[in-house]
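In what follows, a structure is listed as structure tokens, so that the remarks can point back to it.
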Amino acid sequence: MNEILKFVIGKRDRKIPRANIFLIVAIATCISNSVIGQTTHVNPWAPTELGPLPPIASLTSGVWLKGDLHLHSNHSKDASNNSVSKIIAFSKSVGMGYIGITDHDNHVMGDVAHNTWADPALKSDDSLLVLYSAEWTTTRGHGNAFSARPYDHQRLYDVRDQRDVVVGAVKKELGIHLSANHPSGKDHFGYSYDMVESIEVWNSAIWPKNANAIMIWDDMLSSGRKLTGRGGSDSHHGTPDANEKPSKNTYQAKANYVGTPTTWVFAKERTAQAVIDALTNGRVSVSANPYAPRVEFYADLDLDGKMDMMMGDNAKATGKPVKFRVKLVGTMAAGATYTVKVVKNGDDFGTFQATGNLFEAEFTDTPAAIGRTYYRVTVQGPQTAYPEVPQSMALSGDMIGLSNPIYFNFDPNF
Ligand SMILES: [Zn+2]
Ligand SMILES: [Zn+2]
């Protein structure tokens with residue numbers, strides 16, 4: 200307490216009427232504020248120079264794998280004509296390297312271990328990695344849980360209506376990757392984003408409905424959360440076999456199925472754990488379908504012409520310019536023009552054109568030496584055909600793919 204206030208309060212009981220006390224306190228407060236001023240306030244959370252960051256992992260030692268992180272089989276009661284074996288066979292036929300079958304856990308009261316996970320078809324082999332996964336389906340919204348090995352999902356289901364601090368502790372004990380689903384639509388993720396490692400920024404083939412999910416993602420990134428953006432088809436319905444009866448939702452299989460969209464991960468090796476690690480680390484991009492080109496995003500920190508980091512990586516800014524490179528890898532329409540949009544800290548930074556013959560776009564910028572900066576890109580242009588899901592291209596419009604951010608000065612201990 201400052202000296203003026205002590206003086207006023209000390210005299211209070213003797214001779215100053217009560218009404219005047221408030222007047223004097225108000226004047227004293229004004230005086231003390233003008234003397235002390237806001238300049239003396241130090242925000243203990245303000246950005247400062249970070250210590251050394253962990254080294255950036257290799258850009259070449261690893262494998263690109265494509266997959267779908269949101270799929271429902273017949274073990275979800277709202278799915279039809281879509282057995283685990285059918286999903287797995289289809290995934291292999293379109294070259295997927297991994298999948299997560301994320302059936303609703305509330306349909307089996309949390310017991311996914313004796314339902315989806317006990318399905319004899321649910322197993323990894325040399326061509327397809329199958330994660331242990333489920334859609335955490337709660338009153339406050341949906342999230343996908345991913346693990347390389349079985350975990351006690353029942354505990355996550357049981358804790359679903361508790362406070363975030365309780366849920367978060369259970370989630371941490373289980374050692375799983377938790378991801379916010381369709382965050383801007385029905386059953387949005389109504390929990391703290393501090394509990395999740397990733398967010399579904401592209402749900403189903405219908406690109407236009409994802410604009411608000413992207414907005415939430417940018418808000419989380421801008422506030423210092425290093426949060427991976429991923430896709431998920433959320434498909435529920437398969438094409439009926441000869442012995443199956445079509446359902447009223449069978450038509451959806453031609454518009455939204457495995458791979459609409461497709462999530463690419465750059466995994467250190469071809470294992471389920473490496474897929475999840477890549478997802479957590481953000482070495483991830485999302486493409487409209489399994490045949491659409493993959494977006495790759497790199498940065499050259501010292502302008503020596505060699506790329507030093509890719510999407511998901513975090514480096515200390517030096518205050519010097521950085522060169523960024525966007526590549527599209529895969530099947531493109533020859534001669535077509537693609538538009539690369541760059542977002543910096545949630546705002547539009549610039550737009551670049553590149554052709555499908557040799558798709559590569561570069562730009563240069565200087566991330567702030569103190570404080571966080573992130574850059575991410577989206578690529579728009581003509582869709583690559585997906586004959587197995589022929590109505591999906593029209594739903595995705597001209598959105599070809601998006602990258603995760605390249606980060607500067609993000610605090611790993613945040
Ligand atoms: Zn859902
Ligand atoms: Zn779902």
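Take any residue in the sequence shown, count from 1 to its spot, add 199: that is its number in my numbering.
Every residue gets a Cβ at the ideal spot worked out from N, C-alpha and C, and that includes glycine.
C-alpha distance - residue i paired with residue j, whole-angstrom precision
| i | j | result |
| --- | --- | --- |
| residue 352 | residue 383 | 25 Å |
| residue 254 | residue 482 | 15 Å |
| residue 280 | residue 447 | 11 Å |
| residue 365 | residue 394 | 11 Å |
| residue 400 | residue 479 | 15 Å |
| residue 341 | residue 475 | 19 Å |
| residue 335 | residue 534 | 44 Å |
| residue 554 | residue 493 | 15 Å |
| residue 585 | residue 485 | 15 Å |
| residue 597 | residue 421 | 26 Å |
| residue 455 | residue 241 | 52 Å |
| residue 379 | residue 386 | 10 Å |
| residue 609 | residue 376 | 20 Å |
| residue 537 | residue 552 | 6 Å |
| residue 578 | residue 566 | 22 Å |
| residue 278 | residue 328 | 22 Å |
| residue 514 | residue 320 | 42 Å |
| residue 546 | residue 339 | 30 Å |
| residue 215 | residue 239 | No answer about residue 215 holds up, because its pLDDT of 46 lies below 50 and its placement is not dependable. |
| residue 391 | residue 442 | 45 Å |
| residue 265 | residue 529 | 12 Å |
| residue 589 | residue 404 | 11 Å |
| residue 495 | residue 525 | 6 Å |
| residue 200 | residue 572 | With a pLDDT of 39 at residue 200, under the threshold of 50, the modelled position of this residue cannot be trusted; read the value that follows with caution. Taking the straight line from one Cα to the other gives about 40 Å. |
| residue 595 | residue 406 | 5 Å |
| residue 453 | residue 583 | 16 Å |
| residue 458 | residue 312 | 25 Å |
| residue 501 | residue 360 | 49 Å |
| residue 563 | residue 434 | 39 Å |
| residue 373 | residue 503 | 44 Å |
| residue 396 | residue 518 | 29 Å |
| residue 164 | residue 539 | Because residue 164 is not part of the residues shown, which for the chain are 200 to 613, the question remains open. |
| residue 370 | residue 557 | 44 Å |
| residue 497 | residue 308 | 44 Å |
| residue 224 | residue 413 | Below a pLDDT of 50, predicted positions are generally treated as unreliable, and residue 224, at 48, falls in that range; no measurement from the model is reported. |
| residue 427 | residue 508 | 16 Å |
Contact test: residue i Cβ vs ligand 1 heavy atom, cutoff 7 Å
| i | result |
| --- | --- |
| residue 341 | yes |
| residue 556 | no |
| residue 305 | no |
| residue 386 | yes |
| residue 480 | no |
| residue 381 | yes |
Ligand 2 heavy atom lying under 7 Å from the CB of residue i
| i | result |
| --- | --- |
| residue 301 | yes |
DSSP beta-bridge partners of residue i
| i | result |
| --- | --- |
| residue 330 | 299 |
| residue 549 | 541 |
| residue 436 | 279 |
| residue 265 | 463 |
| residue 602 | 484 |
| residue 457 | In DSSP, residue 457 forms no bridge with anything. |
| residue 293 | Beta-bridge pairing links residue 293 to no other residue. |
| residue 560 | 525 |
| residue 431 | 402 |
| residue 573 | 606 |
| residue 579 | 538 and 598 |
| residue 270 | 300 and 434 |
| residue 554 | 536 |
Residue-chain proximity (residue i, chain B), Cβ-Cβ < 8 Å
| i | result |
| --- | --- |
| residue 583 | Any reference to chain B falls outside this structure, which holds one protein chain only. |
Residue i CB to nearest heavy atom of ligand 4 below 7 Å
| i | result |
| --- | --- |
| residue 246 | Looking for ligand 4 in the displayed structure turns up nothing; the ligands present are ligand 1 and ligand 2. |
For ligand 2, which residues count as neighbours when the test is a C-beta closer than 5 Å to any heavy atom?
-> So the residues near ligand 2 by this Cβ test are 334 and 433.
Go through the stretch 360 to 399 residue by residue and report every complete run of the alpha helix (DSSP H) that reaches 4 residues or more, in order.
-> The qualifying runs are 363 to 373.
Mind pulling the alpha helix (DSSP H) runs of 4 or more residues that sit fully within the stretch 466 to 528?
-> Scanning the stretch 466 to 528 for uninterrupted alpha helix (DSSP H) segments of 4 residues or longer gives 471 to 480, listed from N- to C-terminal end.
Every unbroken beta strand (DSSP E) within the stretch 309 to 357, with a cutoff of 3 residues, ordered by chain | Within the stretch 309 to 357, the complete beta strand (DSSP E) runs of at least 3 residues are 328 to 337 and 340 to 346.
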